[in-house]
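Protein chains in written order, with our numbering: chain A, 1 to 188; chain B, 1 to 188. For glycine and all other residues, C-beta sits at the position ideal for the given N, C-alpha and C.
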DNA sequence: GTCTATAAATCGATAGAC
DNA sequence: GTCTATCGATTTATAGAC
């Protein structure tokens, strides 16, 4: 690791962004958390816009890896879908945190257009992955009542994201569980 | 009555909050929009926290009325559900705006706890209304495949909210439509 | 009720020493 | 790479005249 400080800044910023939103933390907060002075942050990330791009880039790759890992560890449609839902449940962190994409969605006006594009690509990737999972579940019979896998994906991703947002608002992960119950009841 | 300054401030603040988020507008912006000086706003709303409470209070009543109006104008489960989806589609304003509750969900850290409680009550009201609609649709046969109305409601509200958020992020109302397609295909 | 004027704090960002 | 010091802009909020 040639630059440990940079990684520490990304970690701190991601944690802050996912719990408080992109406008909910400052360079001052990061500095205190990481243990350097705030002016020093500009050496690693010249602007907060540059930091947001780096955060989203890393997050994209992280979720892409997570989906690939799910594919390796599970070989049915239902178990893969359940694993993804579990990933989002974990990201909730007991009702305090959001997926970075959902969190950034709430501050679009403060983000550079490049990040908006990154978020669009992120959601496309997730939709493609979900479509493949629903298709597999339809073919292997582990997901009930799948007519159109792409339509299922288009409905499922916003539901997961919306449920996460609602659960975080009330700091109650139970809200996420209730929202997932109907979908989970279709898995075998 | 529409020339009332307090109402004009609420209108301006609601528009700004739903497009830019609660932290996306300032008293300075409101002042310019309404045509008074920013210090004068404090006479109507002593703090931004007080303004947020008034906004959410008005929004709760507005949606409660909208649901009651839907009940009056439509008498089947499917037409009532379609009318609510249409209401949220309209609130999207071509991909630029959000339901106030979703918008506020994205700035929870900046809001007084009273507003968090108001949002909780708002979502409870919507869940109750949706449950009743799914129950009616199950009984009158206009919504396909309803096993548990409360579970359907718990999944549907976050889906609508999440779809609105995604569509606003990419400024593309088509994303909202795609997310609703599966649910709409169950209506008769 | 609205105004001018200003306080007090915080923000992202820059310059330049070491 | 990190530091001190500071800038300029913006924020919510207050005091007091009219």
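Between the C-alpha atoms of residue i and residue j, what's the straight-line distance to the nearest angstrom?
| i | j | result |
| --- | --- | --- |
| residue 124 (chain B) | residue 170 (chain A) | 11 Å |
| residue 2 (chain B) | residue 54 (chain B) | At residue 2 (chain B), the pLDDT of 48 sits below 50, so the modelled position is not reliable; the number obtained from the coordinates is stated separately. Straight-line Cα distance between these residues: approximately 17 Å. |
| residue 49 (chain B) | residue 85 (chain A) | 35 Å |
| residue 139 (chain B) | residue 150 (chain B) | 14 Å |
| residue 76 (chain A) | residue 118 (chain A) | 29 Å |
| residue 58 (chain A) | residue 13 (chain B) | 35 Å |
| residue 104 (chain A) | residue 90 (chain A) | 18 Å |
| residue 35 (chain B) | residue 46 (chain B) | 18 Å |
| residue 177 (chain B) | residue 37 (chain A) | 47 Å |
| residue 132 (chain A) | residue 74 (chain A) | 13 Å |
| residue 39 (chain A) | residue 52 (chain A) | 17 Å |
| residue 114 (chain B) | residue 120 (chain B) | 10 Å |
| residue 110 (chain A) | residue 25 (chain A) | 13 Å |
| residue 7 (chain B) | residue 17 (chain B) | 15 Å |
| residue 175 (chain B) | residue 148 (chain A) | 16 Å |
| residue 68 (chain B) | residue 182 (chain B) | 25 Å |
| residue 72 (chain A) | residue 72 (chain B) | 53 Å |
To which residues does DSSP link residue i through a beta bridge?
| i | result |
| --- | --- |
| residue 143 (chain A) | A:187 |
Leaving aside the five residues before and after residue i along the sequence, list all residues of the same chain whose C-beta is less than 6 Å from its C-beta, in chain order.
| i | result |
| --- | --- |
| residue 144 (chain A) | 186 |
| residue 180 (chain A) | 85 |
| residue 142 (chain A) | 76, 77, 78 and 188 |
| residue 19 (chain B) | 96 and 97 |
| residue 126 (chain A) | 157 |
Under 8 Å by Cβ, that's how I've got residue i and residue j pegged, so tell me the actual separation to the nearest angstrom.
| i | j | result |
| --- | --- | --- |
| residue 21 (chain A) | residue 97 (chain A) | Not quite, the Cβ-Cβ distance comes to about 11 Å (not below 8 Å), so this is no contact. |
| residue 162 (chain A) | residue 158 (chain B) | 3 Å |
| residue 44 (chain B) | residue 9 (chain B) | 6 Å |
| residue 184 (chain B) | residue 82 (chain B) | 7 Å |
| residue 92 (chain B) | residue 168 (chain B) | 7 Å |
| residue 23 (chain B) | residue 23 (chain A) | 5 Å |
Which residues in the same chain have their Cβ closer than 8 Å to the Cβ of residue i, if we skip the five residues on either side of it in sequence?
| i | result |
| --- | --- |
| residue 172 (chain B) | 95 |
| residue 122 (chain A) | 56, 59, 60, 63 and 101 |
| residue 4 (chain B) | none |
Enumerate in chain order the residues of its own chain whose CB-to-CB distance from residue i is below 7 Å, with the five nearest sequence positions on each side excluded.
| i | result |
| --- | --- |
| residue 130 (chain B) | 153, 156 and 157 |
| residue 88 (chain A) | 99, 160 and 164 |
| residue 66 (chain B) | 87 |
| residue 70 (chain A) | 80, 83 and 84 |
| residue 33 (chain B) | 12 |
| residue 146 (chain B) | 134, 137, 138 and 152 |
| residue 41 (chain A) | 9, 27, 30 and 31 |
| residue 112 (chain B) | 49, 52 and 53 |
| residue 116 (chain A) | 108 |
Those runs of the alpha helix (DSSP H) which lie wholly inside the stretch 61 to 100 of chain B and span at least 4 residues: 77 to 92
Runs of alpha helix (DSSP H) lying entirely within the stretch 111 to 181 of chain A, each at least 4 residues, in chain order: 113 to 140 and 149 to 169
message: Report the start-end ranges of each alpha helix (DSSP H) in the stretch 1 to 62 of chain B that is 4 residues or longer and not cut off at the edges.
response: 5 to 20, 27 to 34 and 38 to 44
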